[in-house]
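Notes follow the structure.
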Amino acid sequence: MHPQAETKAALARRWPPFASATSPATAAGHPRATSSRIFSRTPICYGDPNGLVLSNAAPTRDAFYASYHSRHCPSAACTMPASPSPSPPPPPPPPLPVLPPPPAPKLSPPPSPIVRASPPPSPVPSPPSPVPSPPSPMTSSPIPMSPTASSSPAAASPQASAQAGPPGGGAPSGFIRVQGGTFVDDDCNEFLLFGWNSWRLVEASQGIQNALPKDTSVLGGLNEATYLAQQAKAHNFNVMRLFGIADVNYNEGMPLQPSPGQYNEQVFKAIDFILNEMGKQGIKVIVALVDYWKKTDGVQQYADWCAGGNKDSFFTDSHCQQLYMNHIKTFVNRRNTYSGKLYKEDANILAWDLLNEPRYTSGGTSAVQNWVDMFAPFIKSQDPNHMVTIGEEGFFGPGDPHVSCNPGYPNANWPAYSGQDFTNNHRNKAIDFTAVHAWPDNWQVSGADFMTNWVNCHIAASASLGKPMVLEEFGKVVSSDNSYARTSERNPYFTAAYDAVDGSLSSGGQCKGSLFWEWTVRNPSESIDVSLPNGLHPYGVSVWDETFTGPIQKEASYAQSLQGKRNVPGCALQGQPVTAFG
């Protein structure tokens, strides 16, 4: 379940400290609600660990960090750079940045022609008649549509696409690919992922007030996408996961696709800008193309257009399948107005997520399986350069040998009947790597050891497939906005997750990286207030808080120390197929 889908009322039901000032925890004088240790920090130093020479056996993260700290912090007085003081009040924020105009010369080349997928050998029924477009939900002044929207790519048959295998051929220089069960760069050096998830960056990059920090002075006059890209590079992050959609909660009436086949150019340009800014700093981007939880640009929106509102029909209805195929073709053939590159030719994009956290509630696992088997080869047929994964939470199906790893097992069986079947879903040859999410609060499991077991179970399942794995989303709620809550409630879960990941990184196992949820931009003077439209969610991690300065920064330094140090045996130099399974 997506944490951003939680309302204040839902938070109150799940976590009583959010209910009111007189919640049971507060009334009892719970230390998490009353601690005054709001801005205490753990001493830590930053530096560039690239000079570290590793032996064949990589050191553990703690051993590495002890050595790293002694080299870069010769004095016991070495501490974090001072964070902004909560008083006196900061100066008035600068005017909100706007996206710079794209360079005109880059807009001139027309999009590459799009070829209809080859028909299957047997007759295929014609696709149903187009679904009428509903009225645009936009309530603000009209926004120019993309010039390519009116001439959307020719629709490909769902049946034909399902039979198409992943294409062969080579990827241009700069694309990360899978070889030998791991990620590699052009020179066959292993590429490890470390980074974060951004949820409402598409809106923030447009200057939408409700998506920005309440105190925008923290951005230093920069667009938030520019600020995050620069901060990411400074903190040794190399991957961001982005939702390539607009969230109606932040950007009322401004979805990317207000009606079937029609695109909001302002939103698309925001995505262009984010990709370009991340690319300037060497940050790769995983793009989730659609979300199960949100209606705007999500599964519910497609279901409303083509299946009378039944979300499960998104996976099985041929109208829905056709609309989503059309969207994929439009998206991967989008020409970035800042770089001039087609998305499918942009090496700044690391991979595509087919669907964030699919669920199917009508029973069985075949609907999601058939959908993956249709859409994974389809997107490869449109874009052979980029890697593809699903974007699942990672629940194991009823017959999977790892089913006992599911949250709540054996007392709770809902994960096994969520429609997901992790191992089989990722078996398709067009799926390059496995992706796993971890949400102990939403799944109502406690104890940091759950994170260890959850990651290790998926490492084992991924090893059985011979594919690399990424812990793509994980987060932990805090009950109060103070140092005690962050240190005692969230840090143990992050540390447990990173320990499990590191056990794989140091031994050459299947897990090749992790992306935490969610990097939130705010000053220490701002506090969590989930009642406001832009209230900071209790999952948010800021650069100055104890989770960032503790386990996150420690892990970033360790992952960076291993980056590119292993040349993968048997790897073919760039120019070979982008996937080891093609």
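The opening residue of the sequence shown carries number 1 in the UniProt record's numbering; numbering runs sequentially from there.
In this text, a Cβ means the ideal position worked out from N, Cα and C, and glycines have one as well.
As the structure is a computational prediction, the values presented were derived from the model and not from experiment.
Would you tell me roughly how many angstroms separate the C-alpha atoms of residue i and residue j, rounded to the nearest one?
| i | j | result |
| --- | --- | --- |
| residue 263 | residue 255 | 8 Å |
| residue 509 | residue 183 | 12 Å |
| residue 452 | residue 290 | 29 Å |
| residue 236 | residue 379 | 31 Å |
| residue 407 | residue 385 | 35 Å |
| residue 359 | residue 213 | 32 Å |
| residue 573 | residue 191 | 14 Å |
| residue 239 | residue 207 | 23 Å |
| residue 194 | residue 231 | 14 Å |
| residue 457 | residue 320 | 34 Å |
| residue 461 | residue 218 | 42 Å |
| residue 229 | residue 221 | 14 Å |
| residue 266 | residue 325 | 22 Å |
| residue 273 | residue 201 | 11 Å |
| residue 330 | residue 313 | 22 Å |
| residue 340 | residue 483 | 45 Å |
| residue 142 | residue 442 | Residue confidence is low: residue 142 scores 28 on pLDDT, short of 50, so the model does not pin down where it sits. Its coordinate-derived value is still stated next. In a straight line, the C-alpha of residue 142 is about 38 Å away from that of residue 442. |
Cβ of residue i within 9 Å of Cβ of residue j?
| i | j | result |
| --- | --- | --- |
| residue 420 | residue 368 | yes |
| residue 538 | residue 481 | yes |
| residue 284 | residue 350 | yes |
| residue 516 | residue 196 | yes |
| residue 296 | residue 328 | no |
| residue 257 | residue 332 | no |
| residue 584 | residue 287 | Since the first residue of the chain shown is 1 and the last is 582, residue 584 is not available in this structure. |
| residue 275 | residue 336 | yes |
| residue 459 | residue 504 | yes |
| residue 470 | residue 436 | yes |
| residue 501 | residue 555 | yes |
| residue 448 | residue 409 | no |
| residue 233 | residue 181 | no |
| residue 374 | residue 433 | no |
| residue 185 | residue 564 | yes |
| residue 548 | residue 557 | no |
| residue 496 | residue 473 | no |
| residue 430 | residue 463 | no |
| residue 298 | residue 354 | no |
Does the beta-carbon of residue i have 16 or more other beta-carbons within 10 angstroms, so that it is buried, or is it exposed?
| i | result |
| --- | --- |
| residue 398 | exposed |
| residue 444 | exposed |
| residue 362 | exposed |
| residue 371 | buried |
| residue 209 | exposed |
| residue 519 | buried |
| residue 514 | buried |
| residue 414 | exposed |
| residue 128 | Because the pLDDT at residue 128 is just 39, under 50, the model does not fix this residue reliably, and the value given afterwards should be weighed accordingly. Classification for residue 128: exposed. |
| residue 412 | exposed |
| residue 446 | exposed |
| residue 567 | exposed |
| residue 259 | buried |
| residue 569 | exposed |
| residue 261 | buried |
| residue 205 | buried |
| residue 507 | exposed |
With distances taken Cα to Cα, identify the nearest neighbour of residue i among the options.
| i | options | result |
| --- | --- | --- |
| residue 173 | 230, 190, 348, 213 | 348 |
| residue 393 | 323, 382, 357, 375 | 357 |
| residue 562 | 512, 215, 471, 363 | 512 |
| residue 322 | 340, 468, 302, 332 | 302 |
| residue 203 | 242, 177, 221, 189 | 242 |
| residue 525 | 208, 216, 330 | 216 |
| residue 224 | 176, 278, 191, 181 | 278 |
| residue 247 | 231, 300, 222, 461 | 300 |
| residue 400 | 417, 428, 497, 389 | 417 |
| residue 550 | 486, 572, 221, 181 | 486 |
| residue 405 | 345, 495, 423 | 423 |
| residue 427 | 442, 207, 468 | 468 |
| residue 270 | 565, 334, 462, 499 | 334 |
| residue 292 | 364, 282, 307, 311 | 311 |
| residue 344 | 553, 175, 552, 558 | 175 |
| residue 364 | 307, 377, 396, 346 | 396 |
Any idea which residues DSSP pairs residue i with across the strands?
| i | result |
| --- | --- |
| residue 198 | 242 |
| residue 614 | Not covered by the structure: residue 614. The range shown for the chain is 1 to 582. |
| residue 190 | 184 |
| residue 434 | 469 |
| residue 491 | Answer is none; residue 491 lacks a bridge partner. |
| residue 335 | 342 |
| residue 285 | 240, 349 |
Is residue i near the ligand ATP, judged by its Cβ being under 8 Å from some heavy atom?
| i | result |
| --- | --- |
| residue 563 | The ligand content of the structure shown is nil, which means the ligand ATP is not present either. |
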